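What follows is a short report on a single structure.
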Amino acid sequence: AQSVTQLGSHVSVSEGALVLLRCNYSSSVPPYLFWYVQYPNQGLQLLLKYTSAATLVKGINGFEAEFKKSETSFHLTKPSAHMSDAAEYFCAVRLNSNDYKLSFGAGTTVTVRA
Amino acid sequence: DTEVTQTPKHLVMGMTNKKSLKCEQHMGHRAMYWYKQKAKKPPELMFVYSYEKLSINESVPSRFSPECPNSSLLNLHLHALQPEDSALYLCASSQPPGQGNQPQHFGDGTRLSIL
């Protein structure tokens with residue numbers, strides 16, 4: 092069964108520090124991968140998606156993610172955290188191109204310290 | 372601004388009431404979704420419509436009744452809900468699978484409270 096694991100339910104960083112959110116998937120073939128962000132009292136907003144064209148994917152708000160097939164990972168990073176990055180982050184996978192369903196990770200709450 | 376619009380933003384209802392949640396998108400997407408999200412949890416898929424036909428029902432209780440009147444609209448009719456149904460209900464839309472790595476676009480949700 093397809094699953095996705097986000098390591099760390101809560102990450103706290105200082106403003107200006109690196110943000111690193113971990114996501115690992117379990118699949119024998121590279122799935123379709125996404126990162127979403129959810130700000131308080133809002134829906135999910137797409138940060139970025141993996142396409143086979145590049146292993147390093149750039150998204151909105153300065154975030155990027157690197158696909159590593161050998162590690163079955165799709166970790167999300169941002170070089171310098173901003174107070175506005177405080178939110179819930181979800182990694183999601185879709186097994187194949189014909190699958191409607193998204194499997195979400197449990198989510199990681201990011202807090203940013205001034 | 373989200374491209375998927377949900378109304379109302381908040382809804383409080385008693386267990387005997389009947390109400391409806393509405394979702395609208397104008398992105399030309401032909402797949403639409405209902406999710407339920409509890410606090411600090413990921414969204415859970417409830418229903419999927421593809422080309423206005425119900426494609427997936429994730430064993431959702433019959434007190435939730437979805438409807439897709441046309442390609443832009445999705446409704447969720449509620450009746451005789453239970454307190455545990457209190458949650459954030461999210462609508463999403465996308466191109467149907469098979470058209471590349473198309474992401475789902477989410478609305479801001481309806482916060483539902485059952486008294």
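For the record, the sequence lines run as chains A and B.
Positions 92 to 205 (this note's numbering) are the ones given, in order, by the first sequence.
Positions 372 to 486 (this note's numbering) are the ones given, in order, by the second sequence.
Beta carbons are placed, not taken as given, at the ideal position from N, Cα and C, and that holds for glycine.
Predicted model only: the values in this text are computed from it and were never measured.
- Counting the other CB atoms within 10 Å of its CB gives serine 465 of chain B a total of 16 or more, which places it among the buried residues.
- By the 16-neighbour rule on beta-carbons within 10 angstroms, glutamine 475 of chain B is buried.
- Annotated three-state conformation of asparagine 446 of chain B is strand, per DSSP.
- Nearest in C-alpha terms to cysteine 394 of chain B, of all of B:Leu486, B:Lys411, B:Glu429 and B:Pro437, is B:Pro437.
- Close to serine 391 of chain B, with beta-carbon spacing below 9 Å, lies no residue of chain A; the smallest spacing is near 19 Å.
- Listed along chain B are Pro468 and Gly469, each with a C-beta nearer than 7 Å to that of asparagine 189 of chain A.
- Judged by beta-carbon spacing, asparagine 115 of chain A lies within the 9 Å limit of threonine 163 of chain A, meaning their Cβ atoms are closer than that value.
- Counted as a single uninterrupted DSSP element, the beta strand (DSSP E) harbouring isoleucine 427 of chain B occupies residues 424-428.
- The Cβ neighbour count for arginine 204 of chain A, taken over all protein chains shown within 10 Å, is under 16; the residue is labelled exposed.
- In the DSSP annotation of this structure, the continuous segment of the beta strand (DSSP E) that includes leucine 137 of chain A starts and ends at 135-140.
- With a threshold of 16 other beta carbon atoms within 10 Å, histidine 397 of chain B falls short and is exposed.
- Annotation for phenylalanine 125 of chain A: Lys140 and Ala183 place their beta carbon closer than 6 Å to its own, counting only its chain and skipping 5 residues before and after.
- A Cβ of chain B is located within less than 9 Å of the beta carbon of threonine 200 of chain A.
- Threonine 168 of chain A is bridged by DSSP to A:Leu111 and A:Glu155.
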